Amino acid sequence: MCVVIFTDGTAGNGDSLCHYLIARGAAKNHALFFDHWGKPLFTLLSFPFAQLGFTAVKCYNVLAMSIACAAAYHTAYITGIKRAWLTVLFFFFASETLEVTPSAFTEPTFALILAVAILLISSNRLKAGLIVLSFLPFARTEGLFILPLAAVFLYAANRISLWPWLLTGHVVISLMGYPYHESILWVFTENPYARTELLEGERHWYYFPVRMYYLIGPVSCFVLSAGILHTIYKYLKSKKTVQLHLSFWLICGSFLVVFIAHSIFWTFGMFGSIGLTRVIMGTMPCIAILCVAGFNLISYPLYKLQRKATEYVTTGLLFIALFYFTFLYTPTAADLKSDFTLNEGQQFMAHQLSPYIKQKYTDNVFYFSDPALSHFLNQNLYDSTSFQLFYKKPDYRLKANEVVIWDEYWSFTLHSMPLDTLLSKPYLKLDTCFTYSLSNNSTMKYCVFVTRKDSVSTFRK
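The following block contains the structure:
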């Protein structure tokens, strides 16, 4: 927690910052609570933290992952898995956990809801667990894959009468968001991933399996595979108990369904999949439990010796191996500098671009494409009296002394806004351009324009 508080990283300029800006803006613009892409449950839980700044949201994610880890440990203990405390080791000694946590990503909230729900169910508090689980799709869309598994679990456990509780989240969120969307079905009709077109490009089915090696490291991958196979074998060969149904359908099943679904989506270019592997980390509580089960299976011959020295040596070697592959200079190690500090481009924005703009333009309205600018300018992105994202519509009525900030990536590459278009407008005056060279030989370019005092014009792409 201290490391997160005293470092300034934001996990890049993309999704992490956008989720934070939505949560921050929701306090004044309540419609943002029910922004489907922003994930309503994440926004509802994190918005009090977001009012205190990005660091506070990172603290929220640390808290969420810590509770998720604790819930995973208690689940492993309740289900009779020996050495349940090792879930903590496998949970946090995964490089992707260290990369996802100090951010405003939604995976920690997903992990929190999933872990707490499974813990409640394993503690025989079925209704409470199912109600919590029913909100999972509003932490991340992958929750839609897990709810059917919960229904199958209830069927296998002869508790079909509890099925309606799985609808709680959809009913509650649909009703809460109705005034802003004017449709009770908005949770379905406005899903940003409900796309029919397929993305093109070279894609391989083994992309996600290979990436798992880098997400959690080779040791965890090995014991995870053993844990999955052991869970499946036990389910097929042993007498079916409620705990066994839970282990198979909700612990093992939750990880597998998310992993397999994203592998399929990536392979065939479905639902806008761009191969983000951090999505798997929402199931980290399940991964950690399965890793412990696999480790126990592999180390069983040594465990039979029932000697404390053997136990200490085994767990000590495990700790050393996990530490080595997570923190030392290996291909699977976490990039702690990148995870906890601003990258080159962000340092340029924070220390050169933003100070110039804040000093020169104090009460102006801004038009820009890069949402990260509102963070570094310490302004509310969704306050339309101060900021406008000028790629969202073709025409803008510009008034005197309003500022247009063009950038090479968001304005030009993503939204096809050539710099020459702005330079050709007689009512726009070029103030200055910033060009920053990055270590990878690429550049960042931002140009600041001001509308002339004697002009009131309509801007068109």
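Quick note on numbering: this note's numbering labels position 159 of the sequence shown as 150, and the sequence is numbered without any gaps.
Glycine included, every Cβ here is placed at the ideal spot set by N, Cα and C.
If you're wondering where the values come from, they're calculated on a predicted model, not measured in any experiment.
For residue i, which residues in the same chain have their Cβ closer than 7 Å to its Cβ, ignoring the five residues on either side in sequence?
i	result
L421	L414, C438 and F440
G29	H10, I13 and L23
T301	L293
A17	L23, F24, T34 and F38
F136	V248, V249 and A252
Spatial neighbours of residue i within its chain, please: CB distance less than 8 Å, with the 5 preceding and 5 following residues excluded, ordered by chain position.
i	result
P409	F403
Y198	S254, W257, T258 and G266
Y480	There is no way to answer for residue 480, as the model of the chain reaches only from -8 to 452.
A324	S86, F316, T317 and F318
G192	G260
Does chain D have any CB closer than 8 Å to the CB of residue i?
i	result
I(-4)	In the displayed structure, chain D is absent; only one protein chain is listed.
With respect to the alpha helix (DSSP H) encompassing residue i, which residues constitute its N-terminal and C-terminal limits?
i	result
Y146	G134 to A147
C277	M275 to I289
Q337	E335 to F339
F318	K299 to F318
L153	Neither: L153 is in no alpha helix (DSSP H) and is coded neither H nor E.
G16	D6 to G16
K49	F45 to I69
I207	Y198 to I207
E90	S86 to V91
Between which two residues does the beta strand (DSSP E) holding residue i run?
i	result
I396	V394 to D398
D422	L419 to S428
K390	K390 -> no beta strand (DSSP E), and no H or E assigned at all.
T442	T434 to T442
Y358	F357 to F359
F129	Counting along the chain, F129 falls outside any beta strand (DSSP E), and DSSP gives it neither H nor E.
F378	F378 to L380
Within a Cβ cutoff of 6 Å, which residues of the same chain sit near residue i, ignoring the five residues on either side of it in sequence?
i	result
A14	T34, S37, F38 and A41
C277	I242, S245 and F246
K436	E399 and T426
Y171	A22 and F25
D6	none
M340	F367
S264	F256 and W257
N432	none
Nearest to residue i by CA position, among the options, is which residue?
i	options	result
V163	V178, L344 and S377	V178
L313	A252, F339 and F286	F286
C60	A75, F367, Q337 and I311	A75
G160	A130, A147, Y184 and I151	A130
P209	E133, T180, L309 and L166	L309
T46	K390, Y68, K73 and L8	L8
K416	K299, V395, T(-2) and I72	V395
A185	L80, K231, Y226 and M261	M261
N182	D326, T132, L372 and V53	T132
R443	T274, F101, C424 and N392	N392
T78	G71, T88 and Y64	Y64
Since residue i and residue j should fall inside the 8 Å C-beta cutoff, what is the C-beta to C-beta distance between them, to a whole number of angstroms?
i	j	result
F82	A2	Contact doesn't hold; Cβ gap of about 19 Å is too wide.
C282	L215	5 Å
C212	Y224	With a Cβ gap of about 19 Å, C212 and Y224 do not count as contacting.
T(-2)	F331	4 Å
A108	V123	4 Å
Validate contact between the region 233 to 241 and the region 304 to 316 using beta carbons, cut 8 Å, 3 pairs: Taking 8 Å as the limit for Cβ pairs, the verdict is that the region 304 to 316 does not touch the region 233 to 241.
Contact between the region 239 to 251 and the region 131 to 142 (3+ Cβ pairs under 8 Å): Enough Cβ pairs lie closer than 8 Å, so yes.
Meets three-Cβ-pair contact criterion under 8 Å: the region 340 to 350 and the region 97 to 114: The count of Cβ pairs closer than 8 Å, one atom from the region 340 to 350 and one from the region 97 to 114, stays below three, leaving the stretches out of contact.
The region 87 to 107 in contact with the region 253 to 272 per 3-pair CB rule at 8 Å: The answer is yes - the region 253 to 272 touches the region 87 to 107, with three or more Cβ pairs under 8 Å.
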